[in-house]
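K.L.:
Got a structure for you, questions after.
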Amino acid sequence: MKTYFFTILCILFLIGCDRSEKNTNSLKYPIKFSILQTRQPSKSLMISGSAKAWRMQSLSFEVSGRVKDVLDENAEVQILAHNSKEGSLEFTGEVIAELDSSRYDAEVIAAHAQMASAQAEVKAMEIEIQDLAPQDINSAEIKVASLQIAIDQTLRSEEQRAKAQLNLARSEQKRAKDLYEKNVGTKQSYEQAYNQEQSANSFYEQVKAALETKDKELASAKADLAKAQAALVYKKARLEVAKSAVERANAQLLLAKRNQQDCKLLAPFSGVISSRLVTKGAVVDPSRPVVVLTMMDPIKIEVAVNAETARQLQPGDSVSLQLLPQNDRIESEKKNNTPPISGWIESKSVSADPATRTYNIICVIRNRQISPRQSLSPNLSNIEKKASLSRDDVSLIWNLDPDKASGSLMVWTKSIDKDEKGYYCWVLENIHLDSGKIQHSLVKAKCVRLKTLQEFRSFANKEYQEVLPESDLKPFMLTVRKDFPALSEEIWLEYIPKDWMIRPGDLVFVEFQLKPLPTGIYIPSKAILQDSKGNHIFVHENGKARKIYVKPQEMFGDLYRVLCEENLEQKQLIELGSHYIKDGDSVIASKIQERGL
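One gets the working numbering by counting positions in the sequence shown from 1 and adding 48 to each.
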């Protein structure tokens, strides 16, 4: 009996084992695999950093005066390019603020008048010099020269000859006298010699008198010549003084024009007005800042790293910027299709911060503007006349006194315009500020006639004027600036607020690419198993799992670089499911593998 019972148990056991083996052979384990390839991964490091403005500058006028106009906060200004008269490309910033230039305009007019007066004085002196004809001086010089020649070559020799004749006559007269007194000569000879001596003396006196007269004429001619030359020198000196006055007047004119130009405060670089420090009507001097201009693109990211990391980072290395932690960033990019932000290392500090022992890394990132609300434009391709409004193009209408029922309203001065019929403004239809956000839709603007009053107010860094509307106009409606391009009742307008992706003060995450790792086959640590013979992996081949023994080398993060006697290139590494399979088990791609996750 016992033998029979034991035989039945053995038969049942064998039947059960056979069924279990059949079930095992028919079972396929779900797995997820990846293709192995030789690669050289780079080691990355993600560190939080602080965004700062690449440049922030307080701007002021170079001259004093009363503020005529100034842009609002958050207004964007650009550097505009244009061709100069010489044909070269010049860059000029947009006007940020403007002073009342009437005083400097008057100075320019006065400088022009002074310039004209100085130029007229120069012209008058040139005419006077021309009136003092050069031939007059030349004739005086010729007269002096001729007199000098007459004296030197004629009268002087004539004087000498007359003197010689006089001396000879005197000698003859003395000899005749001596002979006559000795009764040797005759009286007639004596008287003849005496008469000759008197005649020679008279001729000598005549020649001498003529010479003295010519000397006086020569002296007078020389005086006239010197006077004419002195007059010419004097007038030339006055001409030089007049020319100096022209240069001085020209310098004053240039200074007056420069002061006139300085009444406009131009942007030195493209950016956003982060702070407006004065209002319309304020009196400012050159030392008082008017606005603070912040450069938004590019933007600077400061990151503090240790000494070892600083040695691996060099200026020019590329970086990747992430606004959110990695998991949140991935979901955000999938939702908004936001491309990654790339940049580069601009510089790094030479010495460490004594307090933290860290080195400061400066990264440069190209910033861009994004819209927090999706535009309707892609769905409105059939609309021809449409334009987008930004927050700088619109402003709210508000009550002067909200607690009192009054017919007057305050309207943005930059939205008020005037034509032959009077004052008016453009108002967006069916859009007004309520308890929620301004609804994003496509609307048209309508023209509303106004009667302007004397009240002006500065509110929220904008200038408003009190008006009486002639048609339906309510508080919290939106007005559009009067110089908006092609503004009419036929154009469709879409209000799309935009903001910068990175703003100064934001906390961001910077991913640095460190030195590359050795080339090889890299396997996740979770896919490497161990048994009595060593470390091994499973690969997928023809629906089966095959065990391959490997030798792990360096570990980088969760990856091992492995060596293997067999070529692992293009092998299908089983990453998920390897912990519950054996060599030769049937496997199948899981739903995760099929979905590509």
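Positions of the beta carbon are idealized from the N, C-alpha and C atoms, including for glycine. Since this is a predicted model, take the numbers as computed values, not measurements.
Would you identify the three-state DSSP class for residue 294, choosing helix, strand or coil?
P.N.:
As a working note, residue 294 is residue 246 in the sequence shown. DSSP places residue 294 in helix when its eight states are reduced to three.
K.L.:
Could you spell out where the alpha helix (DSSP H) holding residue 174 opens and where it closes?
P.N.:
Your numbering for residue 174 matches position 126 in the sequence shown. Note, residue 174: alpha helix (DSSP H), 150–179.
K.L.:
Return the CA-CA distance between residue 333 and residue 313, expressed in angstroms with no decimal places.
P.N.:
Taking the first residue of the sequence shown as position 1, residue 333 is located at position 285. Taking the first residue of the sequence shown as position 1, residue 313 is located at position 265. Answer to the nearest angstrom: the Cα atoms are 13 angstroms apart.
K.L.:
Compare the C-alpha of residue 91 against each of 603, 541, 166 and name the closest.
P.N.:
On the sequence shown, position 43 is the one that residue 91 refers to. That would be 603, whose Cα lies nearest to the Cα of residue 91.
K.L.:
With a threshold of 16 other CB atoms inside 10 Å of the CB of residue 216, please say whether the residue is buried or exposed.
P.N.:
In the sequence shown, residue 216 corresponds to position 168, counting from 1. So residue 216 counts as exposed.
K.L.:
Taking just the CA atoms, how far does residue 357 sit from residue 511?
P.N.:
Mapped onto the sequence shown, residue 511 falls at position 463. Mapped onto the sequence shown, residue 357 falls at position 309. Rounded to the nearest angstrom, the two C-alpha atoms are 52 angstroms apart.
K.L.:
In angstroms with no decimal places, state the Cα-to-Cα distance between residue 264 and residue 194.
P.N.:
For the purposes of this step, residue 264 is identified with residue 216 of the sequence shown, where counting begins at 1. For the purposes of this step, residue 194 is identified with residue 146 of the sequence shown, where counting begins at 1. So the two alpha carbons sit approximately 14 angstroms from each other.
K.L.:
Residue 364: which of 393, 504, 344 sits nearest, CA to CA?
P.N.:
Translated into positions along the sequence shown, residue 364 becomes position 316. For residue 364, the nearest C-alpha among the options comes from 393.
K.L.:
Can you give me the C-alpha to C-alpha distance between residue 362 and residue 605, rounded to a whole angstrom?
P.N.:
If you number the sequence shown from 1, residue 362 lands on position 314. If you number the sequence shown from 1, residue 605 lands on position 557. The alpha-carbon atoms of residue 362 and residue 605 are separated by roughly 23 angstroms.
K.L.:
Note down the Cα distance separating residue 190 from residue 275, rounded to an integer number of angstroms.
P.N.:
To locate residue 190, count along the sequence shown from 1; it is residue 142. To locate residue 275, count along the sequence shown from 1; it is residue 227. If you take the alpha carbons of residue 190 and residue 275, they lie about 15 angstroms apart.
K.L.:
Where residue 69 and residue 624 are concerned, what is the direct C-alpha to C-alpha distance, given to the nearest angstrom?
P.N.:
What you label residue 69 is simply residue 21 of the sequence shown in a count that begins at 1. What you label residue 624 is simply residue 576 of the sequence shown in a count that begins at 1. Any reading at residue 69 needs caution, since the residue's pLDDT is 44, under 50, leaving its predicted position unreliable; the model's value is listed next. Spanning the two alpha carbons is a distance of roughly 25 angstroms.
K.L.:
Could you give the first and the last residue of the continuous beta strand (DSSP E) run that contains residue 594?
P.N.:
Position 546 of the sequence shown, counted from the first residue, corresponds to residue 594. From DSSP, the beta strand (DSSP E) with residue 594 extends over 592–597.
K.L.:
In whole angstroms, give me the CA-to-CA distance for residue 401 and residue 97.
P.N.:
Numbered from its first residue, the sequence shown carries residue 401 at position 353. Numbered from its first residue, the sequence shown carries residue 97 at position 49. One C-alpha to the other measures close to 16 angstroms.
K.L.:
Have a look at 398, 415, 417 and flag the residue whose alpha-carbon is nearest the alpha-carbon of residue 408.
P.N.:
Stepping through the sequence shown from its first residue, residue 408 is reached at position 360. Of the listed residues, the one whose Cα sits closest to residue 408 is 398.
K.L.:
Any idea which residues DSSP pairs residue 336 with across the strands?
P.N.:
In the sequence shown, residue 336 corresponds to position 288, counting from 1. Note: residue 336 sits in no beta bridge, so no partner.
K.L.:
Would you decide whether residue 517 is buried or exposed? Buried here means 16 or more other CB atoms lie within 10 Å of its CB.
P.N.:
Your numbering for residue 517 matches position 469 in the sequence shown. The residue is buried, with at least 16 neighbouring Cβ atoms inside 10 Å.
K.L.:
Measuring alpha carbon to alpha carbon, tell me which residue in 270, 298, 476 is nearest residue 441.
P.N.:
By 1-based counting over the sequence shown, the position of residue 441 is 393. Nearest C-alpha to residue 441: 476.
K.L.:
Give the DSSP-derived three-state secondary structure of residue 441 in the structure shown.
P.N.:
Counting from one through the sequence shown, the residue named residue 441 turns up at place 393. Residue state, collapsed to three classes: coil.
K.L.:
Give the secondary structure of residue 573 by DSSP, where H, G and I count as helix, E and B as strand, and everything else as coil.
P.N.:
Counted from its first residue, the sequence shown places residue 573 at position 525. Correct three-state label for residue 573: helix.
K.L.:
Could you spell out where the beta strand (DSSP E) holding residue 134 opens and where it closes?
P.N.:
Sequence index remark: in the sequence shown, residue 134 carries index 86 (1-based). It is not in any beta strand (DSSP E) - residue 134 carries neither H nor E in the DSSP assignment.
K.L.:
In this structure, how does DSSP classify residue 500 when only helix, strand and coil are distinguished?
P.N.:
Taking the first residue of the sequence shown as position 1, residue 500 is located at position 452. Note: residue 500 maps to strand in three-state DSSP.
K.L.:
Taking residue 412 as the reference, give the member of 341, 112, 560, 227 with the closest Cα.
P.N.:
Stepping through the sequence shown from its first residue, residue 412 is reached at position 364. Nearest option by C-alpha distance: 560.
K.L.:
Are the stretch 276–288 and the stretch 149–166 touching, with three or more C-beta to C-beta distances below 8 angstroms?
P.N.:
Touching, no, given that fewer than three Cβ pairs across the two stretches are closer than 8 angstroms.
K.L.:
Smallest Cα separation from residue 102: which of 553, 113, 84?
P.N.:
Locating residue 102 in the sequence shown gives position 54, where the first residue counts as 1. For the residues 553, 113, 84, the minimum Cα distance to residue 102 belongs to 553.
K.L.:
Along the chain, where does the beta strand (DSSP E) that runs through residue 370 open and close?
P.N.:
Your numbering for residue 370 matches position 322 in the sequence shown. First-last of the beta strand (DSSP E) with residue 370: 366–370.
K.L.:
Check whether the Cβ atoms of residue 609 and residue 570 sit closer than 8 angstroms, and answer yes or no.
P.N.:
Residue numbering aside, residue 609 sits at position 561 when the sequence shown is read from its first letter. Residue numbering aside, residue 570 sits at position 522 when the sequence shown is read from its first letter. Yes, Cβ-Cβ distance for residue 609 and residue 570 is below 8 angstroms.
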